[in-house]
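Each residue of the sequence shown is one higher than the one before, starting from 121 at the first, in our numbering.
Here is the structure we will look at.
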Amino acid sequence: SVLFLCTLFLPPLLWLALAVQMHVEPAVRSRSRSRTPRNQDADEQAICPQLQSSSPMPALLGLDFDCTITVRHFYKCMVVGLFMRKPQSHAHCPAMFAWLQQNGITDVRVPTVPDLHPMVCAVEFLAEKLGPEKFTRLIREVFLGGEERIQWLTGWLRAKKQLGVDLAIITAGVSSTVSMALDAVPEWNLLFTTDAVLDVGSCRHQVSSVIGQKALMLRD
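Written as structure tokens, this is what we have:
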């Protein structure tokens, strides 16, 4: 079963969390609508011996990346603001462009690469243009809200891990670019493993809601 917590907006951090309580129960469905449920419990325990255990079920906390872990929309700044050259298109874009100007980056024309997602083009362009040190500063200062917020968020995430909660990031953006951004936060290396950074582009579920896709991916 899935416990899907409501969207949480916590100003000024603006985080949105998807929390999923992961149970090991299989989704047992009868092939026949007339099947009697009298042996259902026994059948389920035969299929899944873990159900006989009284130990707590593992928990998985899924976090969105944009405006949840970040304070500014990473995807829209990179794709709409930078790649599409619309620096005023989103309220979060001017801060990034101002930071780039202050750090000597005035030519922000991102080259288009065939068959490569615009988000990947934009992030790789900035990573190369800025170099490792400045790119790390961009992520930490502009998108993660500075050192004080990173320290606070690190403590909050570590507290969840100490409670036995596994952590994942699931984004409507591109997981590889989120992983590139996470390189700027070595404090989180043990909190978010590379296989726990997901995006809806790989979702196998056909549902109209992006949040629904995220919840079903976390359940998987």
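From the three backbone atoms N, C-alpha and C, an ideal C-beta is built for every residue, glycine too.
These numbers were taken from a predicted model, which means no experiment stands behind them.
Inter-residue Cα distance where the pair is Ser-150 and His-210 | As a working mapping, residue 150 is identified with position 30 in the sequence shown. As a working mapping, residue 210 is identified with position 90 in the sequence shown. With a pLDDT of 42 at Ser-150, under the threshold of 50, the modelled position of this residue cannot be trusted; read the value that follows with caution. One C-alpha to the other measures close to 50 angstroms.
Nearest residue (CA-CA) to Val-243, options Leu-318, Asp-227, Thr-226 and Val-199 | Along the sequence shown, read from residue 1 onward, the residue named residue 243 stands at position 123. Between Val-243 and the set Leu-318, Asp-227, Thr-226 and Val-199, the nearest pair of CA atoms involves Val-199.
In or out: Val-262 buried (at least 16 other Cβ within 10 Å) or exposed?
-> Here residue 262 refers to the residue found at position 142 of the sequence shown. The residue in question, Val-262, is buried, as its Cβ has 16 or more Cβ neighbours within 10 Å.
Local Cβ density within 10 Å of His-193, reported as buried at 16 or more and exposed below that | Here residue 193 refers to the residue found at position 73 of the sequence shown. Counting Cβ neighbours within 10 Å, His-193 comes out buried, since at least 16 surround it.
Under the three-state DSSP convention, the category Val-294 falls into | For the purposes of this step, residue 294 is identified with residue 174 of the sequence shown, where counting begins at 1. Residue state, collapsed to three classes: coil.
Mapping DSSP to helix, strand and coil, what is Glu-145?
-> Counted from its first residue, the sequence shown places residue 145 at position 25. Its pLDDT being 45, under 50, Glu-145 is placed unreliably by the model, and nothing is read from it.
Contact check, Thr-291 vs Tyr-195, beta carbons under 9 angstroms | Numbered from 1 along the sequence shown, position 171 holds the residue referred to as residue 291. Numbered from 1 along the sequence shown, position 75 holds the residue referred to as residue 195. In contact: Thr-291 and Tyr-195 (Cβ atoms closer than 9 angstroms).
Start and end of the beta strand (DSSP E) containing Phe-179?
-> Within the sequence shown, numbered from 1, the residue matching residue 179 stands at position 59. It should be pointed out that residue 179 corresponds to Ala in this sequence rather than to Phe. Looking at the DSSP string, the run of the beta strand (DSSP E) that includes Ala-179 is 179-183.
Comparing alpha-carbon positions, which option in His-212, Leu-181, Ser-328 and Val-240 lies nearest Gly-265?
-> For the purposes of this step, residue 265 is taken as the residue at position 145 of the sequence shown. The residue among His-212, Leu-181, Ser-328 and Val-240 with its C-alpha nearest the C-alpha of Gly-265 is His-212.
Spell out a yes or no on whether the region 231-249 and the region 279-289 are touching, meaning 3 or more CB-CB pairs, one atom from each, closer than 8 angstroms.
-> The answer is no - the region 279-289 does not touch the region 231-249, with fewer than three Cβ pairs under 8 angstroms.
Pair within 9 angstroms by beta-carbon distance, Leu-302 and Thr-274 = As a position in the sequence shown, residue 302 is number 182, starting the count at 1. As a position in the sequence shown, residue 274 is number 154, starting the count at 1. The beta carbons of Leu-302 and Thr-274 sit no closer together than 9 angstroms.
Neighbourhood of Cys-241 by C-beta, 8 angstroms cutoff - its chain only, sequence neighbours within 5 removed | Locating residue 241 in the sequence shown gives position 121, where the first residue counts as 1. Answer for Cys-241: Phe-203, Val-230, Pro-231, Thr-232 and Val-233, listed in chain order.
Confirm, please, whether the CB-CB distance from Met-239 to Gly-182 is below 9 angstroms.
-> By one-based count along the sequence shown, residue 182 stands at place 62. By one-based count along the sequence shown, residue 239 stands at place 119. The answer is no: Cβ separation not under 9 angstroms.
Leaving out five residues on either side along the sequence, give the residues of the same chain with a beta carbon under 7 angstroms from the beta carbon of His-237.
-> Taking the sequence shown and counting its residues from 1, one reaches residue 237 at position 117. Around His-237: Val-294.
Which residue spans inside the region 264-294 form an unbroken alpha helix (DSSP H) run of at least 4?
-> The qualifying runs are 267-282.
Counted within 10 angstroms of its Cβ, other Cβ atoms place Gln-333 as buried (16 or more) or exposed | Stepping through the sequence shown from its first residue, residue 333 is reached at position 213. When all chains shown are included, Gln-333 counts as buried.
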